[in-house]
Structure formats: structure tokens, C-alpha cells
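Sequence lines, in order, name chains H and Z. The first sequence begins at 1 in this note's numbering and counts up one residue at a time. The second sequence begins at 1 in this note's numbering and counts up one residue at a time. See structure below.
Protein chains: 2
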Amino acid sequence: MASFTQTKRLLRYRMGLIRLKKMGLEKVFSYTLGKEVGVSAELVRKDFSAFGIKGHRRGGYEVDDLLSSLEKIFGKDRIQNVIVVGMGNMGRALSMYKGFREHNMNVVAGFDIDPAKLNKKFHIPVYSMESLGEVIEAFNVSVAVLAVPEVAAQETANQLVSHGISGILNLAPVLLKTPDHVLVNNVNLMVELERLMYHSGVIQ
Amino acid sequence: MASFTQTKRLLRYRMGLIRLKKMGLEKVFSYTLGKEVGVSAELVRKDFSAFGIKGHRRGGYEVDDLLSSLEKIFGKDRIQNVIVVGMGNMGRALSMYKGFREHNMNVVAGFDIDPAKLNKKFHIPVYSMESLGEVIEAFNVSVAVLAVPEVAAQETANQLVSHGISGILNLAPVLLKTPDHVLVNNVNLMVELERLMYHSGVIQ
DNA sequence: TTTTTATTGTGAAATATATAACTATTTTTG
DNA sequence: CAAAAATAGTTATATATTTCACAATAAAAA
């Protein structure tokens with residue numbers, strides 16, 4: 001199994017390749033792709049090599065080959081269903097994001113505790129938390145985006161886990177306590193912004 | 001200077017400490033804080049040690065001491081101004097996020113090329129791209145959140161750089177070409193979601 | 001007061017990640 | 001056809017990061 005860091009690169013190769021393909025490229029060199037996504041050529045080759053993806057000596061890699069290999073690795077041959085929990089600003093923004101489709105993902109539903117949200121017009125159906133189990137089962141969902149306020153995060157995560165969710169993209173700034181079989185990926189935009197400030201020399 | 005990885009942890013300690021303080025804690029052990037933010041106790045101690053932050057042998061660390069040290073490191077004694085460029089779903093959501101205030105940051109303005117956006121009621125004033133330079137200067141902004149569509153990202157980044165921005169939080173799924181003195185921090189929610197799927201065993 | 005205990009602080013070891021250097025192979029050129 | 005050049009594939013090296021192990025020390029207990 002790939003490392004978490006490596007997976008990130010592979011997914012970025014995929015995005016870069018899609019762009020390059022749109023520009024008419026049919027084959028690509030490790031150096032070219034590396035430059036496109038910000039990775040050294042050696043690392044590009046190593047990553048592909050690690051997954052048994054072959055190029056042609058002196059001929060580079062075929063874009064379509066690469067894309068279909070990556071598609072297979074990441075299960076992009078079928079559409080992956082996702083739910084968004086918490087229909088605040090961020091949850092709403094995500095539910096409207098068109099990028100999911102391009103990545104063969106589908107946001108099947110949103111959830112919120114606030115009954116006022118349920119009537120509102122969103123791009124996706126929004127349910128109360130009571131329907132969680134039902135929707136998860138109906139759409140065979142195993143991954144959720146958690147976009148609720150900090151205070152509600154742990155309790156909501158518990159509910160997700162109890163209904164069989166095994167992956168949580170956690171946008172709340174807390175460490176979630178979950179069973180071992182549940183994977184949590186934390187993304188904290190405030191932290192990302194703050195460390196950008198620190199390293200860009202803005203501070204002091 | 002700290003590494004990029006270390007900075008992330010330090011910022012998370014800060015958030016964890018704020019939570020623990022709210023819960024009434026006055027002193028904290030490396031193990032406790034580590035558990036709160038998901039880091040080993042040794043690493044917590046090493047991180048603090050690297051910044052000259054001292055605890056008491058057998059007595060742990062004083063929460064207020066830690067917080068004020070971290071505040072100093074990250075320039076949290078004054079408010080840091082930020083702009084959001086691109087008032088689409090994500091840009092709008094960010095501009096409304098209350099977390100900025102808690103982190104001593106202030107979103108002073110939003111920008112968009114779409115004139116229709118300029119009239120709309122947002123939580124922050126929204127300007128056309130022509131006002132970029134003016135606002136950046138007026139509010140002494142050096143960091144921007146880039147939330148424009150993929151195709152516009154590079155060109156918009158160029159404009160930011162030309163107006164003196166030195167840090168970009170890039171939410172668009174492209175590698176930006178920027179001068180060396182400009183730091184870019186890429187956050188790609190689709191990639192984060194996809195690798196969650198991969199590693200949580202959803203695929204195959 | 002002496003001993004025990006808990007915790008910090010840190011040097012050494014282990015692990016993970018990335019780069020550099022080299023080999024093998026294919027294509028192109030003379 | 002032989003030589004040169006370009007690029008994948010791979011091994012070795014370097015760097016970065018984390019964990020381990022333990023010494024130092026302060027507090028608590030005996």
C-alpha cells in the first residue's frame with residue numbers, strides 16, 4: 001500500500017495528466033509531468049515504478065496508459081458516493097462544487113440539525129440527522145465530509161461511525177476520537193493560512 | 001526556522017491549548033496535549049524545546065506560558081489582514097467564516113471579476129480586480145486566499161504577486177508559477193477526499 | 001532527610017522520504 | 001551500421017522526521 005504522501009502525489013499526477021491531455025499531449029516525460037505538478041522527475045518515475053506502471057525508455061509514458069492505471073488504482077471506473085454533514089457556509093459551498101463530477105464523485109445528500117435548512121433550496125437534497133442511516137445504506141456511502149462547528153464535531157462523527165462510515169474528511173479543528181477501522185483526514189484552513197503567514201515571512 | 005510540518009503541529013498545539021484552557025486547565029503535560037492534538041508526547045516536548053519553551057520537570061507546562069509563547073511565534077499579538085480572491089461558493093463561504101476572528105485574522109475584502117458579484121450583499125466588501133493594488137496597500141495585506149476557478153488561477157496569482165502579495169493559500173487544483181520570494185500553500189479538497197477513499201479501503 | 005516517582009529534556013536509533021548518481025534501453029544521427 | 005543522445009528504471013546516498021531510551025530534576029512520599 002502506498003504511503004499517504006505518495007497517494008497525494010499520484011492524485012496530483014492524475015489531475016496534471018488530465019490537463020496535459022486536454023492540451024493535446026499523448027505522451028509525457030517524467031520531467032514534464034513533474035514540472036506540471038511540482039515533483040522531481042525521479043520521484044515521478046519512482047512513484048510509477050512502485051505501482052508497476054511502465055514507460056518507454058527514451059519514449060516517455062503514454063498519457064492514456066497513465067490515466068487508466070491511475071483510474072484503476074483509485075477506483076475511478078465507478079462513481080463514488082459522498083455525503084456532506086453540516087450545511088453551514090462550508091458545507092453548502094462544497095455541495096455546490098462542480099469538481100466532484102470531474103473526479104467521478106457524487107454528493108448524494110447533505111445533513112443538518114437545523115430544521116430551517118431542510119426546506120431551503122440547495123443543489124442536493126438536505127436531510128435531518130435522523131435519515132443518516134437510511135441514506136448511507138441506500139447510496140452505499142462510506143465516506144463523509146464533516147463540516148459542522150467544532151463543538152458538534154465529535155458527536156456527529158460518532159453518529160457517522162455508528163452508521164458505518166469508514167472515512168471522514170474532517171474540516172473541524174478538533175482531533176476526532178474514532179475506532180481504528182475509521183480513517184480521518186483533517187483539513188484545517190485556518191492552520192494552513194497561519195503557517196503560510198509564518199513561512200512567507202509576514203510575521204516579525 | 002521551523003519546518004513546514006513542525007509549524008502545523010505548533011498551530012495545532014495552540015488550538016488544543018485554547019480548548020484545554022476553556023475547560024479550566026492551567027497546566028498541561030506533554031502527554032495530555034499530545035493526546036488532544038494527535039501527536040506523541042516526545043514530539044510535543046521536542047517541538048517546544050526547539051523554540052526554547054520550557055516546562056517544569058515533573059510539573060508539566062503552564063498553559064498561559066505556552067499560549068503566549070505560541071502567540072509570539074505566530075505574531076498573534078496583532079491582527080493579520082487577509083483578502084479572498086474569487087467570490088464563488090468557496091470564496092463566499094470563507095469570507096463568512098467566523099474562525100478568522102478567533103485566530104486574530106481579518107478578511108478585509110473580497111475580489112471578483114464578475115461585476116454582478118460587486119453589488120451583492122456579502123459580509124465583507126467585494127471589489128473588482130482593478131482595486132486590488134489599492135486595497136492591498138491600504139490594509140497592508142501580504143497574504144491572499146485564492147479561490148478562483150482552475151483556468152483563472154495562474155493569471156490571478158500573477159496579479160496578486162505584481163501587487164506585492166507574498167503568500168498565497170491556493171485552493172485551485174493547479175501548481176502556480178510564482179517568483180521565489182512568494183510562498184504558495186496548496187490545499188486541494190478533492191485530493192484530500194480521494195486519498196481518504198483510497199486509504200480507508202473503500203476502493204476495490 | 002532519604003527514597004521513590006513522575007515528568008521534562010535530549011542524544012541516539014529508526015524510519016520515512018527525497019535526491020543523486022548510475023545503468024539499461026531505445027531512438028536518432030552521422 | 002556504429003556512435004551519440006535521451007530517457008526510463010534502479011540502486012545508493014542524503015536528508016528529514018519520528019520514536020526510543022535514558023539522564024536530569026523536581027515533587028511527593030516514606
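We treat Cβ as the ideally placed atom computed from N, Cα and C, and that holds for glycine.
Excluding the 5 residues flanking A41/H on each side, which residues of the same chain have their C-beta closer than 7 angstroms to its C-beta?
As a first step, residue 41/H must be located in the first sequence, where it is residue number 41. Excluding residues within five positions, the ones whose Cβ falls inside 7 angstroms are S30, Y31 and G34.
Are G110/H and S128/H touching if we call contact CB-CB under 8 angstroms?
Mapped onto the first sequence, residue 110/H falls at position 110. Mapped onto the first sequence, residue 128/H falls at position 128. No Cβ-Cβ contact shorter than 8 angstroms links G110/H with S128/H.
Can you tell me the Cα-Cα spacing of N104/Z and E26/H, whole angstroms?
The residue given as residue 104/Z occupies position 104 in the second sequence. The residue given as residue 26/H occupies position 26 in the first sequence. Rounded to whole angstroms, the separation of the alpha carbons of E26/H and N104/Z is 49 angstroms.
Alpha-carbon spacing of M190/H relative to G99/Z, whole angstroms
Translated into the one-based positions of the first sequence, residue 190/H becomes position 190. Translated into the one-based positions of the second sequence, residue 99/Z becomes position 99. Roughly 7 angstroms separates the two Cα atoms.
Proximity of S200/H and V143/Z at Cβ, strictly below 8 angstroms:
Within the first sequence, numbered from 1, the residue matching residue 200/H stands at position 200. Within the second sequence, numbered from 1, the residue matching residue 143/Z stands at position 143. Closer than 8 angstroms, so yes.
K117/H and V108/H look like a contact to me (Cβ under 8 angstroms); what is the Cβ gap, rounded to whole Å?
As a first step, residue 117/H is located in the first sequence; it is residue number 117 there, counting from the start. As a first step, residue 108/H is located in the first sequence; it is residue number 108 there, counting from the start. Incorrect: roughly 17 angstroms between the Cβ atoms, too far for contact.
Just by C-beta distance, which residues in the stretch 106-131 of chain H are closer than 9 angstroms to chain Z?
Result list empty, no residue passes.
Need the endpoints of the alpha helix (DSSP H) that F111/H sits in, please.
The count along the first sequence starts at 1 and reaches residue 111/H at position 111. Going by DSSP, F111/H is part of no alpha helix (DSSP H) but of the beta strand (DSSP E) stretching over M105 to F111.
Per-residue contacts from F82/Z into chain H (C-beta, under 9 angstroms):
What you label residue 82/Z is simply residue 82 of the second sequence in a count that begins at 1. Just to set this straight, residue 82/Z is Val in the shown sequence, not Phe. The answer, in chain order, is L193 and M197.
Those residues which DSSP pairs with K27/Z across a bridge
Counted from its first residue, the second sequence places residue 27/Z at position 27. BP columns for K27/Z point to E62/Z.
Using a C-beta to C-beta distance shorter than 7 angstroms, which residues of chain H count as neighbours of H103/Z?
In the second sequence, counting from the first residue as 1, residue 103/Z sits at position 103. Chain H residues near H103/Z: M190 and E194.
Continuous beta strand (DSSP E) assignments of at least 3 residues falling wholly in the stretch 65-95 of chain H:
Every beta strand (DSSP E) of 3 residues or more that sits fully in the stretch 65-95 of chain H is shown, in chain order, as 80-85.
Quick one: grab the DSSP three-state call for L118/Z.
Translated into positions along the second sequence, residue 118/Z becomes position 118. Collapsing the DSSP output to three states places L118/Z in a helix.
When you compare the CB of G167/Z with every CB in chain H, is at least one pair closer than 8 angstroms?
As a position in the second sequence, residue 167/Z is number 167, starting the count at 1. It does: the Cβ of G167/Z has a partner Cβ on chain H nearer than 8 angstroms.
I need the DSSP call for G167/Z, collapsed to helix, strand or coil.
Looking up residue 167/Z in the second sequence gives position 167. Three-state DSSP puts G167/Z in a strand.
DSSP three-state label for H56/Z, please.
On the second sequence, residue 56/Z is found 56 positions in, with the first residue counted as 1. In the three-state DSSP reduction, H56/Z falls in the strand class (E or B).
Relative to the C-alpha of G60/Z, which candidate in S68/Z, H123/Z and R45/Z has its C-alpha closest?
Here residue 60/Z refers to the residue found at position 60 of the second sequence. Comparing Cα-Cα distances from G60/Z to each of S68/Z, H123/Z and R45/Z, the minimum goes to R45/Z.
Looking at the structure shown, is Y13/Z part of a helix, part of a strand, or coil, going by DSSP?
Locating residue 13/Z in the second sequence gives position 13, where the first residue counts as 1. When secondary structure is reduced to three states using DSSP, Y13/Z falls in the helix class.
For a contact defined as C-beta to C-beta under 7 angstroms, what are the partners of L183/Z on chain H?
Counting from 1 along the second sequence, the entry for residue 183/Z is found at position 183. Annotation: Cβ neighbours of L183/Z in chain H (cutoff 7 angstroms, chain order): L196, H199 and S200.
Examine the Cβ distances between the stretch 84-94 of chain Z and the stretch 81-96 of chain H and report whether three or more of them are shorter than 8 angstroms.
Yes: the two stretches touch, three or more of their Cβ pairs being nearer than 8 angstroms.
What in chain H is Cβ-close to P173/Z, meaning under 7 angstroms?
What you label residue 173/Z is simply residue 173 of the second sequence in a count that begins at 1. Residues of chain H passing the Cβ test: M15.
Rounded to the nearest angstrom, what separates D114/Z and G38/H at their Cα positions?
Taking the first residue of the second sequence as position 1, residue 114/Z is located at position 114. Taking the first residue of the first sequence as position 1, residue 38/H is located at position 38. The alpha-carbon atoms of D114/Z and G38/H are separated by roughly 30 angstroms.
What does K8/H reach in chain Z if we use C-beta pairs closer than 8 angstroms?
Residue 8/H sits at position 8 when you count from the first residue of the first sequence. Listed along chain Z, the residues sitting closer than 8 angstroms to K8/H by beta-carbon distance are V191 and R195.
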